[in-house]
Amino acid sequence: MLETDELQASLPQVAMPLPGPEAKKILDKRTENVPSAVLCNYPVVINRGSGAMIEDVDGNRFLDWVAGVGVMNVGYGQQRVIDAVKKQADKFFHGMINITTHRNYVDLAARINELAPVNADKKKTMFVNSGAEAVENAVKIAKSFTGRGDVIVFSGAFHGRTALTSTMTAKKTYSYGIEPAMGGIHRAEFPYLYRAPKGYSRDEAIQYYLDKLQYVFEQGVPAKQVAAIVIEPIQGEGGFIPAPFEYVKALRKICDENGIMLVADEVQTGFARSGKLFVSNYWKENGFAPDIIAMAKSIGAGLPLAAVTAGANIMEGVQPGIVGSTFGGNALACAAGLQVLDIIHDEKLTDRALNIGKIASDGFKDLQSRYDVIGDVRGIGSMIGVEFVKDQTTKEPYPELVSKLIKHAVSHGLIMENAGVHDNVIRFLSPLVVTEEQIHAGLKIYEQSLNEALAEL
Ligand SMILES: Cc1ncc(COP(=O)(O)O)c(C=O)c1O
């Protein structure tokens with residue numbers, strides 16, 4: 107068995123057809139005991155992780171380009187996180203913030219207030235447990251502050267699986283059969299430049315999507331009734347689609363003119379993924395910061411933690427009792443969160459996100475130049491989507507190819523996940539501590555698996 111540091115520097119190696127014997131036992135037990143609606147199509151049962159690598163219960167080694175879906179930006183097995191959580195565990199696990207205040211909660215809130223690029227000088231932060239809760243609370247805060255009840259979200263959006271956030275989520279797979287949906291949610295068209303009307307220039311396409319938003323105000327809900335516009339700076343589940351900055355700038359202006367809160371759902375994009383701590387840092391530098399940021403996933407390096415940050419005036423405008431949570435801001439999770447911020451700073455993970463993102467995206471663009479099934483390669487920093495199509499002109503999605511490609515890649519030790527309303531995008535969401543050698547090894551497996559998948563179709 108490899109030492110932990112050897113695992114961290116190792117390359118993928120799968121020595122048997124998957125699942126291996128131990129993994130099969132656990133997967134069979136899973137099938138017996140866990141609802142199949144909690145989906146999983148991967149034959150991988152993790153035993154331990156280090157950096158960007160995971161080892162399964164049969165000793166196979168995988169390079170993980172999903173990172174728990176954007177949770178492990180600082181990498182598996184970060185010693186500083188482990189030590190901080192152990193130290194906290196020796197003292198106490200839980201101090202419910204409505205009853206006993208604990209230091210980690212307050213310290214982490216203060217650190218995030220220093221760093222989160224919302225549209226305010228004085229900020230406040232509250233913690234919850236998951237991305238969905240962060241978005242749901244962001245909406246509650248916007249509603250309570252503005253005294254308005256309606257919200258605008260986007261085509262392709264994913265905001266979670268609670269009653270409110272599954273209504274906000276675009277894809278009906280997530281809410282079919284659990285109706286009625288929550289009221290007051292209106293959907294605008296996300297500025298998906300690759301699929302803008304044919305022949306439009308970038309500027310024309312952005313104007314086209316802004317006009318679509320105006321239709322929502324004209325025919326869906328008057329702007330003066332809208333509490334919040336909630337947008338993912340780079341759509342995640344929707345297909346790794348960056349919202350063009352020009353569009354967000356216009357959105358900011360519309361929000362300012364109409365007293366609407368601009369909410370950035372940075373659940374998947376946050377914590378150095380984009381080459382900045384948040385994509386909203388790019389927005390703020392360009393003069394169009396959001397009012398509220400919902401964050402989760404990589405904030406806790408695998409412990410359940412999420413947060414909402416807004417200007418103090420907005421947070422203090424919320425009726426007492428409207429927000430809160432028993433476990434939100436748990437002492438162990440906040441201990442991890444404090445380390446995450448230090449690791450991002452000390453290991454310069456924002457710079458790393460740009461470096462490894464460039465290597466990966468150059469690799470994907472090279473594949474695009476040689477394989478006409480790749481329609482688009484896009485992203486910011488290390489959040490990169492590769493969109494597969496049957497035809498470059500019609501842009502017909504190619505989900506069959508993507509699902510085969512993923513299966514082959516996993517069998518060779520590369521874990522990848524699809525995205526997109528049509529499941530025809532593959533995401534690059536590797537831990538930011540991945541080595542260059544590992545990225546090149548991953549790109550090799552990617553191409554080999556693409557060839558194998560194409561040969562089957
Ligand atoms: C942008 C975005 N918002 C919200 C969520 C929901 O987060 P959670 O699964 O932690 O509730 C996700 C999860 O993938 C997400 O990507």
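Going letter by letter, the sequence shown gives residues 107 to 563 in the working numbering.
Don't be surprised by glycine CBs; every beta carbon is placed ideally from N, CA and C.
Owing to the predicted nature of the structure, the values given are computational and were not obtained by experimental measurement.
- Take LYS193, set aside five residues on each side of it, and the residues of its chain with a beta-carbon closer than 8 angstroms to its own are ALA441, in chain order.
- Annotated as distal: ASP170 and ILE462, with beta-carbon spacing of 8 angstroms or more.
- By the beta-carbon neighbour count (other beta carbons within 10 angstroms, threshold 16), ALA412 is buried.
- Of all C-beta pairs linking the region 518-533 to the region 434-451, fewer than three are shorter than 8 angstroms, placing the two stretches out of contact.
- About 11 angstroms separates the beta carbon of THR275 from that of MET288, a gap too long to meet the 8 angstroms contact definition.
- In chain order, the residues positioned with their C-beta nearer than 6 angstroms to some heavy atom of ligand 1 are VAL175, SER236, GLY237, ALA238, VAL241, PHE264, HIS265, GLY266, GLU338, GLY342, GLU343, ASP371, VAL373, GLN374, ALA402.
- Secondary structure in the region 446-484: the alpha helix (DSSP H) runs of 4 residues or longer, each lying completely within the stretch, are 455-476 in chain order.
- CA-to-CA, the gap between SER404 and ARG308 works out to about 32 angstroms.
- For LYS230, the number of other beta carbons within 10 angstroms of its own is at least 16, and it is reported as buried.
- Sorting LEU511, ALA222, ILE545 by C-alpha distance to the C-alpha of SER555 places LEU511 at the top.
- Per DSSP, the unbroken alpha helix (DSSP H) holding VAL187 starts and ends at 185-197.
- Secondary structure of MET421 (DSSP, three-state): helix.
- With a threshold of 16 other beta carbon atoms within 10 Å, GLN184 meets it and is buried.
- Around the CB of ARG476, fewer than 16 other CB atoms lie within 10 Å, so the residue is classed as exposed.
- With contacts defined by Cβ atoms closer than 8 angstroms, VAL495 and PRO503 form a contacting pair.
- For secondary structure counted as the alpha helix (DSSP H) over 4 or more consecutive residues, the region 239-282 holds these complete runs in sequence order: 269-274.
- Partner residues in the beta bridge of GLN341, as assigned by DSSP, are ILE347.
- Around the beta carbon of SER142, fewer than 16 other beta carbons lie within 10 angstroms, which makes this residue exposed.
- With fewer than 16 other Cβ atoms from the protein chains shown falling within 10 Å of its own Cβ, GLU542 counts as exposed.
- Straight-line measurement puts the Cα of PHE251 at about 6 angstroms from the Cα of ILE420.
- Per DSSP, reduced to three states, the secondary structure at ALA400 is strand.
- Per DSSP, the continuous alpha helix (DSSP H) segment holding PHE323 begins and ends at 308-325.
- PHE346 sits buried, since 16 or more C-beta atoms from the chains shown fall within 10 Å of its C-beta.
- Membership of HIS292 in the beta strand (DSSP E) is indicated by the continuous run 291-294.
- A Cβ-Cβ separation of about 6 angstroms places GLY406 in contact with GLY443 under the 8 angstroms criterion.
- Look at LYS355 here: in three-state DSSP terms it is helix.
- When beta bridges are read from the DSSP output, PHE384 appears opposite no residue.
- The DSSP-derived three-state label of LEU538 is coil.
- DSSP places ASN210 inside the alpha helix (DSSP H), whose first and last residues are 209-221.
- Under the DSSP assignment, ARG167 falls in the beta strand (DSSP E) whose first and last residues are 167-170.
- In the three-state DSSP reduction, LYS229 falls in the strand class (E or B).
- Look at the beta carbons and you see the region 455-473 not touching the region 213-225: under three pairs across the two are nearer than 8 angstroms.
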